[in-house]
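Add 1 to the 1-based position in the sequence shown for the numbering used here, that's all there is to it. All C-beta atoms in this analysis are idealised placements derived from N, C-alpha and C, irrespective of residue type, glycine included. Just so it is clear, the structure is predicted and the values come from calculations on it, not from any experiment.
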Amino acid sequence: MLAVAVLGALALGVSVCVGQGTNALTRAIGVSGQIYAFCADAGRAAALASFCEDIRAKLIARLGADKAWRAPVVVVFRERPAGSAMAMPGEVAPLHCSTVSVSGFLRFQIEAETPPPVDASRFVQAVVGTLCTEMANQKLSKVEGGQQIARVPVWLELALTRKLEERPREAMLEPLKQAMAAGKVPTFQQVTEAAGPPANPAAAALYGAQCEALLEAMEGQHDGRAKVRKFLLGLKPGEGWMPSFRAAFGQGFAYPVGAEKWWSLVMVRASSMIVAQSYTAAETRRRLAEALVVVVPEGVAAKRPPGFWSSAWPFHGEAPKRVSGVTTLDKLLDFCSDPKALPAIVAPNEARLQAMASLAHPLYRNAIRNYFEGIHWLRKNDVKRFQAAVSQASQEGRRADRDAEAITHYVGSVEASLFPEDMAKRFGAWFKTGGTGENRPPTPTPMDSYMDQVESTMPR
Numbered sequence: 002m003l004a005v006a007v008l009g010a011l012a013l014g015v016s017v018c019v020g021q022g023t024n025a026l027t028r029a030i031g032v033s034g035q036i037y038a039f040c041a042d043a044g045r046a047a048a049l050a051s052f053c054e055d056i057r058a059k060l061i062a063r064l065g066a067d068k069a070w071r072a073p074v075v076v077v078f079r080e081r082p083a084g085s086a087m088a089m090p091g092e093v094a095p096l097h098c099s100t101v102s103v104s105g106f107l108r109f110q111i112e113a114e115t116p117p118p119v120d121a122s123r124f125v126q127a128v129v130g131t132l133c134t135e136m137a138n139q140k141l142s143k144v145e146g147g148q149q150i151a152r153v154p155v156w157l158e159l160a161l162t163r164k165l166e167e168r169p170r171e172a173m174l175e176p177l178k179q180a181m182a183a184g185k186v187p188t189f190q191q192v193t194e195a196a197g198p199p200a201n202p203a204a205a206a207l208y209g210a211q212c213e214a215l216l217e218a219m220e221g222q223h224d225g226r227a228k229v230r231k232f233l234l235g236l237k238p239g240e241g242w243m244p245s246f247r248a249a250f251g252q253g254f255a256y257p258v259g260a261e262k263w264w265s266l267v268m269v270r271a272s273s274m275i276v277a278q279s280y281t282a283a284e285t286r287r288r289l290a291e292a293l294v295v296v297v298p299e300g301v302a303a304k305r306p307p308g309f310w311s312s313a314w315p316f317h318g319e320a321p322k323r324v325s326g327v328t329t330l331d332k333l334l335d336f337c338s339d340p341k342a343l344p345a346i347v348a349p350n351e352a353r354l355q356a357m358a359s360l361a362h363p364l365y366r367n368a369i370r371n372y373f374e375g376i377h378w379l380r381k382n383d384v385k386r387f388q389a390a391v392s393q394a395s396q397e398g399r400r401a402d403r404d405a406e407a408i409t410h411y412v413g414s415v416e417a418s419l420f421p422e423d424m425a426k427r428f429g430a431w432f433k434t435g436g437t438g439e440n441r442p443p444t445p446t447p448m449d450s451y452m453d454q455v456e457s458t459m460p461r
């Protein structure tokens, strides 16, 4: 998963590369043979190549594209020459993406000079855009000097990047809702013809959300992902993206009014969505404890043990004063001596359980189901079945607590074994210092002679 934390660790880390000319850098080749990474040493170069290969695999899987490739992708990170101006706090290194023709064959290149570090999301977008451009131009057998190539629209690059990063869904929906509420909804033409995200962070987040919503709507059509792939592979040199878009998604977009109508429906639907997310085990445990607190109203016969207020009231603030007592659902019969009043007393508990039931963690659903069953029998004045159901629910809750703790412990132990602290420090050192330990040179491949020719054309 291309999580943001992982992106930050890799993309920011690998940017700290040292070297003057290309020949001073170490080369690593990705498993596909398409990615060539140049960095200060073999450890950093291998990490960079592996990260780019991960992006490539995710992109191919999402598009359902062929794994075959024609043009290599070269990623080069250098250190700024000595005496250069120091980087300002918060500054990021610019990325330079270029296309080079060597003996009539294309080569795509991404370069950066550090410090400052490379922005993680921008780097992923650069890799995604480069790979998409390579896919769109695979049909070109040979490229002569000055010949145009097919270009991928910026909005598609950005949308695919956000999907591969697997951002939370509310990161897309919330900006759209706010824009709709404020009446700031751009047209389809404004979104698709923009040169890129605005400089303002809030405006950039909104633009990214709009691009992501556009891609999601495209994929949501019948055989949508295949149509997105057809759209990408159908891009032609010297043409805009709209002819390929119409060919892939139908003649309903032959006229601007058709695209604008469709886009307005996409915005309305996206801005009205509600994100339902399940609670974690810890959050479910906390909410369940609150839902089980029973407040016995004033006037109901009850026996309140000394000091029970502070231990039984889990909510913020002080417990209400005009009550006979506070207990929990599983101890209600021991606390309340008026069985006829019980159905009305537990009504708030039933409401709280209903509010959390659909979002509860799966480990706790059996416990919640048994609590509902107990309240059902209590309404029928069947105290024995109520007590049995609540007792079973309490056991299920304790079992869920143990299972949740066991899962947490197991996951922690696996992470510790796969990525122990000393290994973490060494891995982190790849991106901070020059020491990487012993690294074997890459295995020669049939592409070596070609890449040697490529390197000879690169500036030193």
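Beta-bridge analysis with DSSP links Gln110 to Val75, Ser99. A check of alpha carbon separations from Leu293 across Gln139, Val128, Leu333, Ala58 identifies Leu333 as the nearest. When C-beta atoms of the region 135–146 are compared with those of the region 177–187, fewer than three pairs fall below 8 Å, so the two segments do not count as touching.
Spanning the alpha carbons of Arg270 and Gly31 requires a straight line of approximately 41 Å. Judged by DSSP secondary structure, Tyr37 falls within the beta strand (DSSP E) whose first and last residues are 36–40. Between Val74 and Thr131, the beta carbon gap of about 6 Å places them in contact (Cβ cut-off 8 Å). Take the alpha-carbon of Ala38 and the one of Leu165: they are about 21 Å apart. For Ile150, there is no enclosing beta strand (DSSP E), as DSSP marks it with neither H nor E.
In the DSSP assignment, Thr134 falls within the alpha helix (DSSP H) that extends over 121–137.
Counting along the chain, the unbroken alpha helix (DSSP H) around Thr193 starts and ends at 189–193.
Pairing Gly34 with Ser359, the inter-Cα distance amounts to about 47 Å. Annotated three-state conformation of Arg170 is coil, per DSSP.
Secondary-structure assignment with DSSP links Thr115 through a beta bridge to Glu80. Inter-residue distance for Leu216 and Ala390 is about 49 Å (C-alpha atoms, whole angstroms).
In the DSSP annotation of this structure, the continuous segment of the alpha helix (DSSP H) that includes Ala43 starts and ends at 43–64. In the three-state DSSP reduction, Thr281 falls in the coil class, being neither helix nor strand.
Note: Arg28 is bridge-paired with Phe39 in the DSSP secondary-structure output. The C-beta of Gly209 has 16 or more other C-beta atoms within 10 Å across all chains shown, which makes the residue buried.
Straight through space, the alpha carbons of Ser395 and Tyr372 are spaced by roughly 8 Å. Distances from the CA of Val76 to each of Ile56, Ile36, Thr100 were compared; the closest alpha carbon is that of Ile36.
For the alpha helix (DSSP H) assignment, the uninterrupted runs of no fewer than 4 residues enclosed by the region 222–277 are, from N- to C-terminal side, 225–234, 243–250, 257–272.
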